[in-house]
Amino acid sequence: MNKAILEVSNVTKKVTSPEGELTIVNDISLSLEEGVFASILGPSGSGKTTLLAIMAGLDLPSSGSVKLLDKEITSLNEDKRAQIRSKDVGFVFQSFHLLPRLSALDNVMMPLEILGAKDAKQRALKALDEVGLSKRTGHVPHQLSGGEKQRVAIARAMVKAPSILFADEPTGNLDQSSTDNILELLLRINQQTKTTLVVVTHDQQLAARSDMVFELQEGKLKC
Amino acid sequence: MLNGILFGLKKFFSEIGSGDMVILFSSLILSVTAISGVGFLSDRFQRSIQQQASIVLGAEMVFRSGAPIEDRYIQTAELKEIKTAETTSFLTMALTDEGNILSSIKAVSSTYPLVGNLQVISQGQSSINLDFKQPAASTVWVEEKILEALNTKPGELITLGNKSFKITGTLIDFPDRSTGFLSFSPTIIVNEADLDEMGVIQAGSRVVYRQLYSGESSELESFLEEVEGDLNEVRVQKVSDIEGQLGNSVNESSQFANLAALFTILITLVSSMIAARRYAKRHLLNTTLMKVFGASKKFILWSQISQLAMLILMATLIGCTLGYSVQALLESILSPIINRELPPPTAKPLLLGFLTACCIVIAACGPYLRVLGLVEPIQLLRKDDTQGSKSEASIYLFSFLIFSLFLLFLFNDLSLVASILFALLGLVILLAGIGYLLIFSTKLSSVFGGYGWLMGLRNLSKRASENLLQVIVFGVSLTFLIVLAETRSDLVNTWRSSLDQDTPNYFFFNIQDYQLNDVKSFFDNEMEATPQFTPLIRGRLIGASSADGTLLDVGGMMQRESNLTWFNELPENNSITEGSWWADEDADGSFISVDTQAAKSMGLSIGDQLEFNVAGENFTVEVKNLREIKWESFSPNFFFVLSPAIASELPQSYITSLKVDNNSEAVDIFIERFPTITSVDLEAALDQIRVVLDTASTAVQYIFLLSLLAGVLTLIASIFSTVEERNKENAVMKAMGAKQRDILQIALAEFGALGLVASITSLFVAIGFSAYVSIQIFETSYTPNATIIGSGLITGFVLILLTGMFVVYRALSVPAVKTLRS
Ligand SMILES: Nc1ncnc2c1ncn2[C@@H]1O[C@H](COP(=O)(O)OP(=O)(O)OP(=O)(O)O)[C@@H](O)[C@H]1O
Ligand SMILES: [Mg+2]
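Okay, structure coming up:
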């Protein structure tokens, strides 16, 4: 039995809105072992993105705790959490968020540059090669298709070899063939590098191929 | 921290080519160039003026007394490495077999002159020697006038008192020409060792003793402080005391240059803010991503600080180099006139340039850095497009505050800075108000032509707040530029007219009563000139008391020989600052008019009684008014002007001045006919002043050019700041089937209206502002210059229209599909 890489205990997130206090994530507990492929399903507005952000240390819960890589991240300050993210956490977004003026290569190099890595260029080229874009390294985002953009984004997330990769609807903006492509890529990454994957998705096919599925409904975990 | 700095530096060089960085960078360079150029310029001008003044004085500081001055001052000064020299001046008869002439003798020590040149043509030579110090013992250098009057020449003998001297050279010019009673007689320079044998100086003789000092101003100051306590009868003259006349025009020009630099900085501050805003917008995604990927706040802060520091350093370097070249160019024009090397410029302008760059960067970029610092990484998950949340008003407030502090540092004058800021605030409010009205009136403008025009005008109100900002930006820059152009031409014209071709270049002194008619008719017949003759009365102030009889201490003026005159009417270039000129009913009264400055230093006020001695006769006059003279007129300034009733009976001679053609022989004939009348050729001096003024106005044009560039830059910055949004709009419109022509027509309407609003508004503000600046700061009159205002209006309008159209046109060439894909 592998040890847990992520432990979420009784996490609740409340926000204040004009209509009063809203509970958008409600008392969620879950645990992920190293190397699993987990997907989070749920209707729009059910709190998936919020939960993902809390698990990745981008946001703090109102109560409850998150333990990532044996560290209680909910009690760490912003800089400490940033430090964990810089080494061990990768992130992929629904709308890619590539920097428009930078080439694919420069986009992928960015996380390494933040770390001050010396061999950033070789590693970035390798990462692009692994997502099948070795011929596109000099292209800027608007010269790439949606699927290609997402693959650059995945290369960017994977370039520093994180222990865990979070993806928020990575195929939400893509057509069917690109979606298949990205799905295969994510599965391959999970198998080859043993990186833990947490993917928010509406895609049943993706959910079906993952090791664990969590379903959210109005901020609560459906069992 | 180190990682952040390295990352920032690495990114700097890939960022420097982007549009907003180019604008920010050029803005910084421009303002640094302006401020350092002006700094270097006034630095050097000040020094050149100081040198001119010290040549007039023959030193940087002079001790002067009617009694021998003690040696100990000289000894104290020499301990401080101050150079010293001594002169002794008095009047005596110079004799040869042919006759005699009253001459002004100047006995000099071996180090004389300290500043400036003794110009002598040695016996048997034809060229002027500039390196002479002191004549050898028993030899003298005499002025041409003496040679003529005594019909002698170099190589022959001349007798002064008990000793005869060999004339070894003709004296052409020398520093520290006297201004007092000695100045009306031609000069002979002798060695001070010969003074005793001459035996002319006896108890009661009128002698002027001088000790000349030259050295570092700090040394001079400390020397003066040391001896000041026991100077007794010794009067101190410093260079700063006589910089007045020439200094005035230079002051005006450096004031203008300062004003222009200030406006340039203001305008570039605006373009910098626009660029920084766009930069921040563009980097929001970047920064948020960096945060998601684990960059700490410190890392981001340091990477941005290092980039900005790099920007500041490079801009300072380039700007100061440019600023230095501007002044070096001017120096190359100036140096042949000043005739000696200027001391190297100080480092102060460099520091000022650096501080300016820092201030602009902090004021313009600081708030946006904060926006970037505050952005939450989670925003990337929430929205497709991230945007800043901080209110723009607080950003402007912050910049305004930083800028105010900077101005306060720069001018060190709270009321001046406050009035500048108030004017600026008023200008912005006015522009905003008018712009608001006009933009919203376009909402109602359905009466205008076709669809495209209407759409363009609608665009104005659709982007109302942005367009309002542009009206303000264009308006402020255009206003400043028109104000600068107007005051510049006013200033230059005033200078020119003060030194026009009719400015007298010859002064004649010592015209006696009995010669007056002959001289008048000579001028009239031979020179076709009818100049004014000003009476000159030599007198001595011997007492002063207030209206109620208490004695007054008037300081150094007491017992000194002064030149007095009298007038019926107030001369043209004079103006009364207090009291009133004498009217007909005062015809029998004994009144005096006193120079305002002199009255101030003497502590005199209206109604005080002054007692004078003229040719052994004492009389008392009442101070009737205080009077000021316009320095530009170059007419002689009398401290004391008497009323006709008291003065017309006193012994007097006359002085006059004339414009004489350079190659006219009339002056030579005049000198031959009237050998006792002293003539002074001012042409060379006037030429110097002309060149200095010309240089000053050239400098003013350079600085103005910088402001103009800054204005254009701001225009480009503000229109480019909307380029992405326009690209998107155009793409959407094209996708909906709009033709290029339609889009251009819409833009034409939009920018045309914008340009019109901005330029008309700023025109009115500029006229008011120019009037204020001309009258309040430069004390000249103001008449709107139709050419400048007209061309300002048209240029402003055309520039706004063209820049706008250019941006839209460029956007059109971007394929719509490219815009839609990103
Ligand atoms: N800061 C906030 N303030 C107020 N309400 C918020 C805030 N953040 C999220 N919400 C609300 O919380 C709910 C959950 O949001 P979340 O983005 O987590 O949903 P989601 O499951 O990711 O939905 P989708 O599938 O549409 O992306 C939504 O109703 C959202 O409007
Ligand atoms: Mg979501």
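Residue numbers (my numbering), protein chains in the order written: chain A, 1 to 223; chain B, 224 to 1045. Where is the CB? At the ideal position from N, CA and C, for every residue including glycine. These numbers were taken from a predicted model, which means no experiment stands behind them.
Taking the Cβ of A:K48 as the reference point, at least one heavy atom of ligand 1 falls within a distance shorter than 6 Å.
Scanning B:I412, B:E420 and B:V365 for the CA closest to the CA of B:T393 turns up B:V365. One alpha carbon belongs to B:G839, the other to B:G766, and they sit about 14 Å apart. B:Y737 sits in a helix when the DSSP states are folded into three classes. Counted as a single uninterrupted DSSP element, the alpha helix (DSSP H) harbouring B:L1035 occupies residues A1009 to S1036. Ranked by Cα distance from B:F645, the first of B:L633, B:A655 and B:S627 is B:S627. Chain-order list of chain A residues neighbouring B:P600: L58, by C-beta distance under 8 Å.
Taking the beta carbon of B:V594 as reference, no residue of chain A falls within 7 Å; the closest one sits roughly 17 Å away. For B:V515, the nearest CB of chain A lies under 7 Å from its own CB, placing it at the interface with that chain. Between B:I490 and B:T1026, the gap from beta carbon to beta carbon reaches 7 Å or more. With a threshold of 6 Å, the Cβ atom of A:V15 counts as near ligand 1, since some heavy atom of the ligand is closer than that. Residues of chain B with a Cβ closer than 8 Å to the Cβ of A:K67 do not exist; the shortest Cβ-Cβ separation is about 18 Å. At a Cβ-Cβ threshold of 7 Å, B:T757 and B:I852 do not count as neighbours. Residues of the stretch 73-88 of chain A with a C-beta less than 8 Å from any C-beta of chain B: E78, D79, A82, Q83, I84, R85, S86 and K87, listed in chain order. Taking C-beta atoms as the reference points, A:L128 and A:A155 count as a pair closer than 7 Å. Taking the Cα positions, B:V1031 is about 15 Å away from B:V1021. In its chain, beyond the 5 residues on either side, I40, K48, L52, D168 and E169 have a beta carbon closer than 6 Å to the beta carbon of A:V200. Within its own chain, the residues whose Cβ lies closer than 7 Å to the Cβ of B:Q755, once the five positions on either side in sequence are excluded, are T879, listed in chain order.
Contact residues of the stretch 495-519 of chain B toward chain A are R505, L508, N509, T511, L512, M513, K514, V515, F516, G517, A518 and S519 (C-beta to C-beta distance below 9 Å).
Comparing C-alpha distances from A:L197 to each of A:L165, A:I84 and A:F91 shows the shortest one belongs to A:L165. Assignment of beta-bridge partners to B:M750 by DSSP yields no partner. Per DSSP, A:V66 is one residue of the beta strand (DSSP E) stretching across S63 to L68. Residue environment for B:F697: buried (at least 16 other C-beta atoms within 10 angstroms of its C-beta).
Cβ-Cβ separation between B:Q346 and B:T391: approximately 5 Å, consistent with a contact (criterion under 8 Å). With respect to chain B, the C-beta atom of A:T16 has no partner C-beta closer than 7 Å.
Taking 7 Å as the threshold, the shortest C-beta distance from A:F91 to chain B falls below it. Taking all protein chains shown into account, A:P100 has fewer than 16 neighbouring C-beta atoms within 10 Å of its C-beta and is therefore exposed.
For the C-beta of B:L604, the chain A residues within less than 8 Å are, from N- to C-terminus, T49, L52, A53, L58, F93 and D168. Beyond the five residues adjoining it in sequence on each side, B:G1015 comes within less than 6 Å, by CB distance, of I705 in the same chain, given in chain order. The count of Cβ pairs closer than 8 Å, one atom from the stretch 78-88 of chain A and one from the stretch 519-532 of chain B, reaches three, so the stretches are in contact.
DSSP, reduced to helix, strand and coil, places B:M316 within a strand of the structure shown. Of the candidates A:G132, A:I73 and A:L98, the residue whose Cα lies closest to the Cα of B:L603 is A:L98.
Counting only runs of at least 4 residues, the stretch 228-273 of chain B fully encloses no alpha helix (DSSP H) element at all. At a cut-off of 7 Å, the C-beta of B:F230 has a neighbouring C-beta in chain A.
The straight-line gap separating the alpha-carbon atoms of A:S31 and A:K3 is approximately 10 Å. Check the Cα spacing between A:D59 and each of A:Q176, A:E215, A:S75 and A:L69: the tightest is with A:S75.
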